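Peer 1:
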Amino acid sequence: MMDQAQSLRQLVSSQESGRPKSEGTAARIITVCSGKGGVGKSNFTLNFSLALKAMGKKVLLFDADIGMANIDVLMGVSPEYNLYHLLKREVDISRVIHTGPNALPFIAGGSGMDELFSLSESDLNYFTAQIGQIADSMDFILFDTGAGLSKETMKFISSADDCLVVTTPEPTAITDAYALMKVVHNAHPSVTFKLIVNQAGDEREARATSDKIRMTANRFLQLDISFLGYITSDSHVVQAVKQQVPFSLAFPNSAAAKDVHRLALSYLAADPADTTPLQGIRGFISKWLKRK
Ligand SMILES: Nc1ncnc2c1ncn2[C@@H]1O[C@H](COP(=O)(O)OP(=O)(O)OP(=O)(O)O)[C@@H](O)[C@H]1O
Ligand SMILES: [Mg+2]
1 MMDQAQSLRQ LVSSQESGRP KSEGTAARII TVCSGKGGVG KSNFTLNFSL
51 ALKAMGKKVL LFDADIGMAN IDVLMGVSPE YNLYHLLKRE VDISRVIHTG
101 PNALPFIAGG SGMDELFSLS ESDLNYFTAQ IGQIADSMDF ILFDTGAGLS
151 KETMKFISSA DDCLVVTTPE PTAITDAYAL MKVVHNAHPS VTFKLIVNQA
201 GDEREARATS DKIRMTANRF LQLDISFLGY ITSDSHVVQA VKQQVPFSLA
251 FPNSAAAKDV HRLALSYLAA DPADTTPLQG IRGFISKWLK RK
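Start counting the sequence shown at 1; every next residue gets the next number (our numbering).
1. CB of Q199 to nearest heavy atom of ligand 4: below 7 Å?
2. Tell me where the alpha helix (DSSP H) around D72 begins and ends.
3. Taking buried to mean at least 16 other C-beta atoms within 10 Å of its own C-beta, is D234 buried or exposed?
4. Skipping 5 residues on each side, what residues in its chain have a beta carbon closer than 8 Å to that of P171?
5. Could you check the C-alpha separation between P189 and T232 for me, to the nearest Å?
6. Note down the Cα distance separating I30 from S49, rounded to an integer number of angstroms.
7. Please report the straight-line C-alpha distance between G110 and K155, rounded to a whole angstrom.
8. Can the beta-carbon of V241 be found closer than 8 Å to that of N47?
9. In three-state terms, what does DSSP make of L142?
10. With a 10 Å radius around its C-beta and 16 neighbouring C-beta atoms as the bar for buried, classify N102 as buried or exposed.
11. Helix, strand or coil, according to DSSP, for T167 in the structure here?
12. Is there contact between the stretch 239-258 and the stretch 201-214, where contact requires at least three CB pairs shorter than 8 Å?
13. Tell me K194's beta-bridge partners as DSSP assigns them.
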């Protein structure tokens with residue numbers, strides 16, 4: 001008898017071969033993670049998604065913080081349906097994708113993420129087919145994960161095209177970010193990391209933070225990590241969180257908003273040919289299924 005993963009792999013590969021190849025069909029899958037909690041992943045992911053969207057990209061934001069999903073709170077919206085309802089087949093994908101500020105499409109985590117890992121074969125097939133339907137129309141799909149390295153976060157990281165690691169200049173955040181990359185690297189040496197230093201005093205501090213991590217990873221893991229950029233420590237972020245409006249929209253002229261805009265430009269400027277070829281959502285799902 002076929003197991004669940006085998007059957008879904010077949011579904012994925014049959015969809016792949018049946019899909020006409022054309023430019024722009026593969027969405028780039030980005031997982032955002034951190035070692036230490038509370039370093040600013042969710043704020044970064046939300047505002048980075050908005051910046052990419054403002055640059056004309058089609059972006060889907062997916063709250064994959066299992067158990068502690070809160071992207072919807074940062075946007076001040078209360079979605080009626082979340083992933084849980086999709087997995088339970090109470091609604092189809094069109095009802096689960098909500099529209100955030102500036103028409104940013106997002107899928108709220110709700111309490112549903114726990115369910116993803118104990119789905120029946122037919123539930124999983126349904127989920128994959130539903131996600132596959134919308135993924136083809138996206139340029140980027142961003143997953144905001146919870147802090148640290150749960151089994152599920154490891155799967156998200158190792159299955160995505162890009163892993164963005166958020167740290168702050170605090171020694172505890174630095175050591176936790178390094179520890180996370182070390183564990184991922186040892187298990188999945190092909191994963192490449194891009195570093196974001198959040199809550200930096202200034203560029204010099206951000207670069208010093210990044211250099212510490214990059215030099216240590218280079219020396220002890222023979223791993224090259226790139227520095228994508230930094231976001232200044234800015235009280236506007238705190239204010240925006242309280243107002244439940246993304247900081248780049250509430251305070252577009254703030255230092256943090258300018259930094260995240262620059263980060264998105266740098267990200268888009270990096271030549272995709274430098275990295276692994278885009279695999280799209282079906283590649284992501286088929287890799288996901290191979291992960292133990
Ligand atoms: N650039 C910044 N400047 C000032 N404060 C910031 C900045 N980024 C984040 N913060 C503060 O850190 C808090 C936590 O941010 P956020 O929820 O994005 O972190 P997180 O990494 O997603 O947390 P968790 O690990 O719990 O998911 C924010 O509510 C805000 O008060
Ligand atoms: Mg978060």
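Ideal Cβ positions, reconstructed from N, Cα and C, are used throughout, including at glycine. Nothing here was measured: the structure is a model prediction, and the numbers come from that model.
Peer 2: Answer, in terms of the structure:
1. Absence of ligand 4 is noted for the structure shown, with ligand 1 and ligand 2 being the only ligands found.
2. Against the sequence shown, residue 72 aligns to sequence position 72. From DSSP, the alpha helix (DSSP H) with D72 extends over I71 to M75.
3. Taking the first residue of the sequence shown as position 1, residue 234 is located at position 234. In summary, D234 is buried, with 16 or more beta-carbon neighbours lying within 10 Å of its beta-carbon over all protein chains present.
4. Reading the sequence shown from its first residue, position 171 is the one you call residue 171. Cβ neighbours of P171 beyond the five flanking positions: none.
5. As a working note, residue 189 is residue 189 in the sequence shown. As a working note, residue 232 is residue 232 in the sequence shown. Their Cα atoms are separated by approximately 31 Å.
6. The sequence position of residue 30 within the sequence shown is 30, counting from 1. The sequence position of residue 49 within the sequence shown is 49, counting from 1. Their Cα atoms are separated by approximately 10 Å.
7. Residue 110 sits at position 110 when you count from the first residue of the sequence shown. Residue 155 sits at position 155 when you count from the first residue of the sequence shown. Approximately 19 Å between the Cα atoms of the pair.
8. As a working note, residue 241 is residue 241 in the sequence shown. As a working note, residue 47 is residue 47 in the sequence shown. Going by C-beta atoms, V241 is not nearer than 8 Å to N47.
9. Position 142 of the sequence shown, counted from the first residue, corresponds to residue 142. Correct three-state label for L142: strand.
10. One-based indexing of the sequence shown puts residue 102 at position 102. N102 is exposed by the Cβ-count criterion.
11. As a first step, residue 167 is located in the sequence shown; it is residue number 167 there, counting from the start. Note: T167 maps to strand in three-state DSSP.
12. no
13. By one-based count along the sequence shown, residue 194 stands at place 194. Answer by DSSP bridge pairing, in chain order: L164 and S226.
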